[in-house]
Amino acid sequence: FGFVSSPLVDGDAVYVQAGGGVLRLDRGTGAIRWRALGSDDAMMGSAFSSPVIASPAGRRQLVVQTRAELAGLDLATGAVLWRQPIEAMRGMNILTPVVEGNRLFTSAYGGKTLAFDLESVPGGELRLKPAWDFKSQGYMTTPVVIDGRIYFHLRSQRIQCLDLATGQERWTSGESFGKYWSLVSNGDRMLALDERGDLLLIRANPETLDVQDRRRVAAKESWAHLAVVDGQIVIRDLASVTVWNWRTGP
2 FGFVSSPLVD
12 GDAVYVQAGG
22 GVLRLDRGTG
32 AIRWRALGSD
42 DAMMGSAFSS
52 PVIASPAGRR
62 QLVVQTRAEL
72 AGLDLATGAV
82 LWRQPIEAMR
92 GMNILTPVVE
102 GNRLFTSAYG
112 GKTLAFDLES
122 VPGGELRLKP
132 AWDFKSQGYM
142 TTPVVIDGRI
152 YFHLRSQRIQ
162 CLDLATGQER
172 WTSGESFGKY
182 WSLVSNGDRM
192 LALDERGDLL
202 LIRANPETLD
212 VQDRRRVAAK
222 ESWAHLAVVD
232 GQIVIRDLAS
242 VTVWNWRTGP
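Convert by adding 1 to the 1-based position in the sequence shown; the result is the number in my numbering.
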């Protein structure tokens, strides 16, 4: 059974992180093609994070974060290509890992913010190497990367900007926000929706948090990820679904 993890569709395959591990399903029939990273621990077997397809070290693969580890899986067979334990309080590895080139980024509730590099070694094997770590703790929000900087929402409910190459802290906001953000980017602009229904338009700025506009867009709590389609923003809260027009001009 799934939990809060989103399935990923790729051609005729559907990849799902669920209580029984990671599965590849046939899109047409629902038949299970393979299962990987299963756990007999009922708590640690559930999943918060969602899978992504990326090509670090030049190999296209499924990158997943379970409640215990970060791993790369072969898309066709489910074979584990590499794996790395990720320490978190009660397995609260929630955000979806971010892959930029050969670099992988994650941040754990009760743990640390971590960056790794994936490299190919002689014999065709893949090896994950630590790049840097930082003391801050992410929570549920999947970060975005703009111009080599990573922007993300912390367990402390503040916002942080780090340099993805070095791990250097660029800034941490003095203002705190909701418990959760859903975050999307377009060019140098970000939209952030917190669970209280507050939507913020933010310009990516490595010097400071640069909020361009904000407004209340939901009457009830909104924990669903916001969607942007052809200049429209779709918001779902606990009571309704609303659609807003995103105008960039005066």
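Yeah, the Cβ is synthetic: ideal placement off N, Cα and C, and Gly gets one too.
For A80, the number of other beta carbons within 10 angstroms of its own is below 16, and it is reported as exposed. Beta-bridge partners assigned by DSSP to G139: L155. Taking all protein chains shown into account, A55 has 16 or more neighbouring C-beta atoms within 10 Å of its C-beta and is therefore buried. If you draw a straight line from the Cα of P8 to the Cα of L24, it is about 10 Å long.
The C-beta distance from R190 to L202 rounds to 6 Å, short enough to meet the 8 Å contact threshold.
Per the Cβ contact rule, the region 169-177 is not in contact with the region 92-105 (fewer than 3 Cβ pairs under 8 Å).
In the structure shown, the three-state DSSP call for M90 is helix.
Annotation for I95: no beta strand (DSSP E) segment contains it, and DSSP assigns it neither H nor E. Spanning the alpha carbons of V212 and D164 requires a straight line of approximately 20 Å. About 6 Å separates the beta carbons of Q66 and T107, which is inside the 8 Å limit, making them a contact pair. Distance from the Cα of E126 is smallest, within the candidate group I236, W83, L96, S50, for W83. The continuous beta strand (DSSP E) containing N246 extends over residues 242-246.
Following the DSSP letters along the chain, one finds V99 inside the beta strand (DSSP E) bounded by residues 99-101.
Look at P57 here: in three-state DSSP terms it is helix.
For the pair D199 and R215, the Cα-to-Cα distance works out to about 7 Å. DSSP, read as helix, strand or coil, puts W35 in strand. When P57, P86, L239 are compared, the shortest CA-CA separation from V122 is found for P57. Buried is the label assigned to L38, since at least 16 other Cβ atoms lie within 10 Å of its Cβ. A buried status is given to G92, since no fewer than 16 other beta-carbon atoms sit within 10 Å of its beta-carbon.
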